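S.K.: Below is one structure. I have some questions about it.
There are 4 protein chains.
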Amino acid sequence: MKLEHEVELRVRYPECDPMGIVHHSRYFIYFEIARTELYRLNGGDYRQMEESGRFFVVVNADCKYMKPARYDDILRITIKVEKVTRAKIVHEYKIHRGDDLLAVAHITLAMINREGKIILIPEEFQK
Amino acid sequence: MKLEHEVELRVRYPECDPMGIVHHSRYFIYFEIARTELYRLNGGDYRQMEESGRFFVVVNADCKYMKPARYDDILRITIKVEKVTRAKIVHEYKIHRGDDLLAVAHITLAMINREGKIILIPEEFQK
Amino acid sequence: MKLEHEVELRVRYPECDPMGIVHHSRYFIYFEIARTELYRLNGGDYRQMEESGRFFVVVNADCKYMKPARYDDILRITIKVEKVTRAKIVHEYKIHRGDDLLAVAHITLAMINREGKIILIPEEFQK
Amino acid sequence: MKLEHEVELRVRYPECDPMGIVHHSRYFIYFEIARTELYRLNGGDYRQMEESGRFFVVVNADCKYMKPARYDDILRITIKVEKVTRAKIVHEYKIHRGDDLLAVAHITLAMINREGKIILIPEEFQK
């Protein structure tokens, strides 16, 4: 099972605000892409998981913004599993542009069912 | 039954792109707000409608952009029912800032069920 | 000078994801609206400030998500100045739906000039 | 000079709405990505162009939505130059998922300078 992954993406025009930089809210969309791909790499499929009635929700997030990302930049988003318990998963994320570290974040997920009730994280995520 | 309505909203920062103007894609979000409010005014509730398994989908849209909207502008979005048949509803939309007309659009809706199949527009929309 | 404010807004359809809840990234857009309005209340105008070559950038953000917000919900976003130094401003934010507390966040801002260099927070923000 | 191009992209989670389908407003973001890449292929660079004080703005857009795109779908966005005059450029766009045609659109661009005044399309775009 892979515990780390990285994806590369190019900043889209409407992800940037009038300052010409990526709006701070969009970083969480980038992190989610890396998370989806790490899960896919391990044989998982978010769409199937959701169709089976289990959903990951974000319960906590923090992000430190060091340098701005700009339109058309190619960014490298890295994800690392930091902690997995029966109740939650914590990932660490970094965004680089070349050698420059632009941001570091941590996001904590819990799992819910179709009724919105918290359920235990399945064994497959506990390695 | 009301066939026209208008809503007022203030342009949000991340709705604007590096040119400092509202990205053309966001206008469709503004139009949808006016549509929701016209429906509410007539006693309808999109959320309830969706919970009952009926959904409006956009099948056609066009927009003419005359003047740009900017961050923090107060915009007036008007909606008017243009045509209703058993298969579709067409609305016309306009965006004004003060007396300036910024955009004119037409959006055609059809109705689908939970399986994604086209269904007839309910009588209540036919007046 | 007012150090607290609250704004009310209605959740828009495309702010919600396939789970039917507001995507966690959008909360930061709501917080920014409250921040803009608090500043306006104190006689400030972000657009003018930016035209004069001074910009606020987010350098740190965290958010605890307690309960999900849904499409069409009316939310109350509160902002409170937590700390102001010569280098940064920290605000605390809360999101309520009726009496339910949905989220609590902290966002730290720094100020930059047109060249992207960090500058001191002007006196007017130091009270 | 290339007059056609195609890009492939995967639908992101928050691009989908509570119906589980890509919100109709987001298609215009996909089209813009194809446009940027066609321009890059011909040696152009939107970011540089904007830094030199020339900007493309959308003056007209239409889109016909035939079948919905869903979360995690891989989409193929094609762009074709339809018409170029001294005042505007028209592109045609199509979105496919495998052999399925999901949408067809036309977008008309004009060029403005830093003051927002319409200027002539440079020779380089006239072939």
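Residue numbers (my numbering), protein chains in the order written: chain Z, 164 to 290; chain Y, 164 to 290; chain V, 164 to 290; chain U, 164 to 290. The beta-carbon is built from N, C-alpha and C at its ideal position, and this holds for glycine as well. Model, not experiment: these values are computed from the prediction.
Quick one: what's got a C-beta closer than 7 Å to U/Gly261's C-beta in the same chain, skipping five residues either side?
M.R.: For this step, residue 261 of chain U is matched to residue 98 along the fourth sequence. Closer than 7 Å at Cβ, skipping near neighbours: no residue.
S.K.: Among residues of its own chain, excluding the 5 on either side of Y/Pro177, which ones have a beta-carbon nearer than 7 Å to its beta-carbon?
M.R.: Walking along the second sequence from the start, residue 177 of chain Y turns up at place 14. Correct list: empty, nothing qualifies.
S.K.: Give me the DSSP bridge partner(s) of U/Met274.
M.R.: Working through the fourth sequence from its first residue, we reach residue 274 of chain U at position 111. In the DSSP output, where bridge partners are listed per residue, U/Met274 has U/Phe219 and U/Ile282.
S.K.: On a Cα-Cα basis, can you pick out the residue from Z/Met274, Z/Ile282 and Z/Lys280 that is closest to Z/Val221?
M.R.: As a first step, residue 221 of chain Z must be located in the first sequence, where it is residue number 58. Among Z/Met274, Z/Ile282 and Z/Lys280, the Cα nearest to that of Z/Val221 is on Z/Met274.
S.K.: Quick one, which residues of the region 187-209 of chain Z are near chain U if we go by CB-CB under 8 Å, in chain order?
M.R.: Going along the region 187-209 of chain Z in chain order, one finds Ile192, Glu195, Ile196, Thr199, Asp208 and Tyr209 with a Cβ nearer than 8 Å to chain U.
S.K.: Cβ atoms of Z/Arg189 and V/Ser215: under 8 Å apart, would you say?
M.R.: For the purposes of this step, residue 215 of chain V is taken as residue 52 along the third sequence, with counting starting at 1. For the purposes of this step, residue 189 of chain Z is taken as residue 26 along the first sequence, with counting starting at 1. No. Outside cutoff.
S.K.: Leaving aside the five residues before and after V/Arg277 along the sequence, list all residues of the same chain whose C-beta is less than 6 Å from its C-beta, in chain order.
M.R.: On the third sequence, residue 277 of chain V is found 114 positions in, with the first residue counted as 1. Excluding sequence neighbours, V/Arg277 sits near Gly216.
S.K.: Who are V/Ala232's beta bridge partners in DSSP?
M.R.: The count along the third sequence starts at 1 and reaches residue 232 of chain V at position 69. Answer is none; V/Ala232 lacks a bridge partner.
S.K.: Measuring CB to CB, does U/Ala224 end up less than 8 Å from Y/Asp235?
M.R.: Along the fourth sequence, read from residue 1 onward, the residue named residue 224 of chain U stands at position 61. Along the second sequence, read from residue 1 onward, the residue named residue 235 of chain Y stands at position 72. Contact flag unset, no.
S.K.: Judging by CA-CA distance, which residue of Z/Leu166, Z/Arg198, Z/Leu201 and Z/Ile240 is the nearest neighbour of Z/Asp263?
M.R.: Here residue 263 of chain Z refers to the residue found at position 100 of the first sequence. When only C-alpha atoms are compared, the closest one is Z/Ile240.
S.K.: If you follow the alpha helix (DSSP H) that U/Leu238 is part of, which residue opens it and which one closes it?
M.R.: Along the fourth sequence, read from residue 1 onward, the residue named residue 238 of chain U stands at position 75. No alpha helix (DSSP H) contains U/Leu238, which is instead part of the beta strand (DSSP E) from Ile237 to Val247.
S.K.: For U/Lys165, which residues in the same chain have their Cβ closer than 8 Å to its Cβ, ignoring the five residues on either side in sequence?
M.R.: As a first step, residue 165 of chain U is located in the fourth sequence; it is residue number 2 there, counting from the start. Closer than 8 Å at Cβ, skipping near neighbours: Leu201, Leu204 and Asn205.
S.K.: Does any C-beta atom of chain Z lie closer than 8 Å to the C-beta of Y/Cys226?
M.R.: Here the question's residue 226 of chain Y lines up with position 63 in the second sequence. Taking Cβ atoms only, chain Z never reaches closer than 8 Å to Y/Cys226, which makes this a no.
S.K.: Starting from Z/Gly279, find everything on chain V with Cβ-Cβ shorter than 8 Å and list it in chain order.
M.R.: Numbered from its first residue, the first sequence carries residue 279 of chain Z at position 116. Result: Pro231.
S.K.: What residue from U/Pro181, U/Gly183, U/Thr271 and U/Leu283 has the CA that sits closest to U/Ile242's CA?
M.R.: The residue given as residue 242 of chain U occupies position 79 in the fourth sequence. Of U/Pro181, U/Gly183, U/Thr271 and U/Leu283, the residue nearest in Cα terms is U/Thr271.
S.K.: Under 8 Å by Cβ, that's how I've got U/Val174 and U/Ala197 pegged, so tell me the actual separation to the nearest angstrom.
M.R.: Indexing the fourth sequence from 1 puts residue 174 of chain U at position 11. Indexing the fourth sequence from 1 puts residue 197 of chain U at position 34. Not confirmed; about 15 Å, so no contact.
S.K.: What does Y/Pro181 touch in chain V if you count any residue whose Cβ is under 9 Å from its own?
M.R.: What you label residue 181 of chain Y is simply residue 18 of the second sequence in a count that begins at 1. The premise fails here: Y/Pro181 is roughly 13 Å from chain V at the closest Cβ pair, so nothing lies under 9 Å.
S.K.: Looking at C-alpha atoms only, which residue of Y/His269, Y/Ala250 and Y/Thr248 is the closest neighbour of Y/Lys257?
M.R.: Position 94 of the second sequence, counting from 1, holds the residue named residue 257 of chain Y. Nearest C-alpha to Y/Lys257: Y/His269.
S.K.: What three-state label does DSSP hand V/Leu166 in the structure shown?
M.R.: Along the third sequence, one-based indexing puts residue 166 of chain V at 3. Here V/Leu166 sits in coil by DSSP.
S.K.: Compute the beta-carbon to beta-carbon distance between U/Phe218 and Y/Met229, rounded to the nearest angstrom, for a pair I have assumed lies under 8 Å.
M.R.: Here residue 218 of chain U is taken as the residue at index 55 of the fourth sequence, counted from 1. Here residue 229 of chain Y is taken as the residue at index 66 of the second sequence, counted from 1. At roughly 16 Å, the Cβ-Cβ gap does not stay under 8 Å, so U/Phe218 and Y/Met229 are not in contact.
S.K.: Consider the Cβ of Y/Asn223: report whether some Cβ of chain U lies at a distance smaller than 8 Å.
M.R.: Within the second sequence, the letter at position 60 stands for residue 223 of chain Y. Yes, its Cβ sits closer than 8 Å to a Cβ of chain U.
S.K.: Ignore the nearest five residues each way along the sequence and tell me which others in V/Lys251's own chain have a CB closer than 8 Å to its CB.
M.R.: Position 88 of the third sequence, counted from the first residue, corresponds to residue 251 of chain V. The residues are Val222, Thr271, Leu272, Ala273 and Ile284.
S.K.: Mind listing the chain Y neighbours of U/Glu214? Cutoff is C-beta to C-beta under 9 Å, in chain order.
M.R.: Looking up residue 214 of chain U in the fourth sequence gives position 51. The contacting residues do not exist; U/Glu214 stays about 10 Å from chain Y at best.
S.K.: Under DSSP, the alpha helix (DSSP H) around V/Glu287 begins and ends at which residues?
M.R.: Stepping through the third sequence from its first residue, residue 287 of chain V is reached at position 124. Here V/Glu287 belongs to no alpha helix (DSSP H), and DSSP marks it neither H nor E.
S.K.: How would you label Y/Asp208, buried or exposed, when you count the other beta carbons within 10 angstroms and need 16 or more for buried?
M.R.: Numbered from its first residue, the second sequence carries residue 208 of chain Y at position 45. Exposed: under 16 other Cβ atoms inside 10 Å.
S.K.: For a quick check, are the C-beta atoms of Y/His254 and Y/Val244 less than 8 Å apart?
M.R.: As a first step, residue 254 of chain Y is located in the second sequence; it is residue number 91 there, counting from the start. As a first step, residue 244 of chain Y is located in the second sequence; it is residue number 81 there, counting from the start. Contact flag set, yes.
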